[in-house]
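J.: I have a structure I would like to understand better, so I am pasting it below and will then ask my questions one at a time.
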């Protein structure tokens with residue numbers, strides 16, 4: 374096991390020390406994954422990559438560090454249910470139902486706005502997105518690392534849009 378864990382540890386530490394996500398590690402075939410709707414409409418597909426183990430290890434490491442920072446500094450609102458351990462769709466539904474019934478019992482007016490944001494990340498401007506971590510206290514190594522991760526900087530760029538395949 375050490376024969377595998379030592380190189381992985383070295384590469385993770387190297388990535389964090391030198392503040393970049395190596396593009397070669399991100400190499401992955403990108404395939405279209407059908408979501409719903411008309412199968413002939415390209416907008417009903419999302420791109421899915423078959424990410425290699427090393428890339429997943431680096432992503433998990435950074436996710437854990439980011440998550441710890443967000444929790445320790447109480448940055449996320451209690452109403453944020455997605456991507457949080459112990460919070461799931463059932464918790465969100467229970468909270469909504471509880472708040473609604475409580476308001477009805479108090480004869481309050483209730484209004485709701487529901488939005489389908491399933492394709493929202495496809496339209497996020499990465500430059501704008503990178504301003505958010507800075508606002509919440511991420512500096513230096515971590516901010517640079519996320520920048521190289523999102524921007525695909527480096528001499529090799531192996532990612533292809535499924536539309537190009």
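In this note's numbering, the protein residues as written are 374 to 538.
Built from N, CA and C at the ideal position, the CB exists for glycine as well.
On a predicted model such as this, the values are computed, not experimentally measured, just so you know.
Let me make sure I understand the geometry here. Which of 403, 429 and 430 has the alpha-carbon closest to that of residue 418?
T.: As a first step, residue 418 must be located in the chain shown, where it is residue number 45. When only C-alpha atoms are compared, the closest one is 403.
J.: In terms of DSSP beta bridges, what is residue 418 paired with?
T.: Locating residue 418 in the chain shown gives position 45, counting from the first residue. BP columns for residue 418 point to 407.
J.: Give the range of the alpha helix (DSSP H) segment to which residue 468 is assigned.
T.: Along the chain shown, read from residue 1 onward, the residue named residue 468 stands at position 95. Taken as a continuous stretch (DSSP letters only), the alpha helix (DSSP H) holding residue 468 covers 462-478.
J.: Check residue 457 in the structure and name its three-state DSSP category.
T.: Here residue 457 is taken as the residue at index 84 of the chain shown, counted from 1. Three-state result, residue 457: strand.
J.: Count the CB pairs spanning the stretch 501-512 and the stretch 405-421 that are closer than 8 Å, and state whether there are at least three.
T.: They do not touch, by the three-pair rule.
J.: Can you tell me where the alpha helix (DSSP H) with residue 487 in it begins and where it stops?
T.: Residue mapping note: residue 487 aligns to position 114 of the chain shown, counting from 1. Note, residue 487: premise wrong, no alpha helix (DSSP H); not H, not E.
J.: What are the boundary residues of the alpha helix (DSSP H) that includes residue 502?
T.: Taking the chain shown and counting its residues from 1, the one referred to as residue 502 is at position 129. That run of the alpha helix (DSSP H) goes 499-502.
J.: Taking the alpha-carbon positions, what's the residue 327 to residue 450 distance?
T.: The structure shown has nothing for residue 327, since the chain only spans 374 to 538.
J.: Nearest to residue 468 by CA position, among 481, 480 and 453, is which residue?
T.: For this step, residue 468 is matched to residue 95 along the chain shown. Ranking 481, 480 and 453 by Cα distance to residue 468 puts 453 first.
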